[in-house]
Amino acid sequence: MPRFLILWLLPGLLVGGLNAQPITVAVDSTESVLQYHGHHPLHGWTGTSRSVHGTLRLDLDDPSRSSVTIRVPVASFDSGNSNRDANMLDAVEADRYPEVVFESSAISVQRWERTASGYEGNWTVGGNLTFHGETHPVTIPVTVRIEGNRFEATGAFSIALSQFKVRRPKLLLWSIRDTIDLEGTIRATLPDSAVSRR
Numbered sequence: 005m006p007r008f009l010i011l012w013l014l015p016g017l018l019v020g021g022l023n024a025q026p027i028t029v030a031v032d033s034t035e036s037v038l039q040y041h042g043h044h045p046l047h048g049w050t051g052t053s054r055s056v057h058g059t060l061r062l063d064l065d066d067p068s069r070s071s072v073t074i075r076v077p078v079a080s081f082d083s084g085n086s087n088r089d090a091n092m093l094d095a096v097e098a099d100r101y102p103e104v105v106f107e108s109s110a111i112s113v114q115r116w117e118r119t120a121s122g123y124e125g126n127w128t129v130g131g132n133l134t135f136h137g138e139t140h141p142v143t144i145p146v147t148v149r150i151e152g153n154r155f156e157a158t159g160a161f162s163i164a165l166s167q168f169k170v171r172r173p174k175l176l177l178w179s180i181r182d183t184i185d186l187e188g189t190i191r192a193t194l195p196d197s198a199v200s201r202r
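The sequence shown runs 5 to 202 under this note's numbering.
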């Protein structure tokens, strides 16, 4: 290849290489939220945490090379009933196991496309959930949107308290249901250059 042609192509090749590099950003704990939905024969309730921390390693060219780690203090969940929250903290032994932690192990991409303002798509995020001193694999379907430099991922999944060896609290002689439904929204701010050069 002629030398002048190599020199002409070099800037574009370098930018392409830079674009392919993953970026690492912190989860925006002031904008992210995680909720759990509990169930009892007489009623249901929702506990909400707005103390979601973690790190996202994102490859916008190939999201399957991305990864995520999320940490949430169990004491940060608020159901609007202090007695119920105290009972749940006792059941999950929050003094011994103060955090819920999720670490991804694989991301499968069903759809990922450019939009007028960024990206959007659907991923399946597999990983390990550590709760009450127990670690088990979970799979989370996730909808991802990037608008400008704002990243947002929403997902929902369910766990069984018995699998994590949690004693189920009782109300009026009935235990709460074994299944707990979780849903969350993770938000982060990306570097302007991460999206603008693509």
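By construction, the Cβ of each residue, glycine as well, lies at the ideal position given by its N, Cα and C atoms.
Limits of the unbroken alpha helix (DSSP H) element including residue 90: 86–95
Cutoff 6 angstroms; reference residue 50; Cβ partners in own chain excluding five residues on either side: 39, 41
Opening and closing residue of the beta strand (DSSP E) in which residue 46 lies: Neither: residue 46 is in no beta strand (DSSP E) and is coded neither H nor E.
Interface flag, residue 187 vs chain B, CB-CB below 8 angstroms: The structure shown contains no chain B; it is built from a single protein chain.
Three-state secondary structure (DSSP) of residue 114: strand
Residue 129 versus 71, 98, 34, 171, residue with shortest Cα-Cα distance: 71
Same chain, Cβ closer than 6 angstroms to residue 11, neighbours up to 5 away in sequence not counted: Per-residue confidence for residue 11 stands at a pLDDT of 44, beneath the threshold of 50, marking its modelled position as unreliable; the derived number appears in the next sentence. The answer is none, since no qualifying residue turns up.
Contacts around residue 115, its chain only, beta-carbon distance under 7 angstroms, and the 5 residues preceding and following it disregarded: 125, 126
Beta carbon of residue 184 nearer than 8 angstroms to that of residue 44: no
Beta strand (DSSP E) segment containing residue 134, residue limits: 122–135
Local conformation of residue 165 per DSSP, three classes: helix
Residues near residue 58 in its chain [Cβ-Cβ closer than 6 angstroms; skip 5 each side]: 31, 73, 74, 75
Residue(s) in a DSSP beta bridge with residue 25: In the DSSP output, where bridge partners are listed per residue, residue 25 has none listed.
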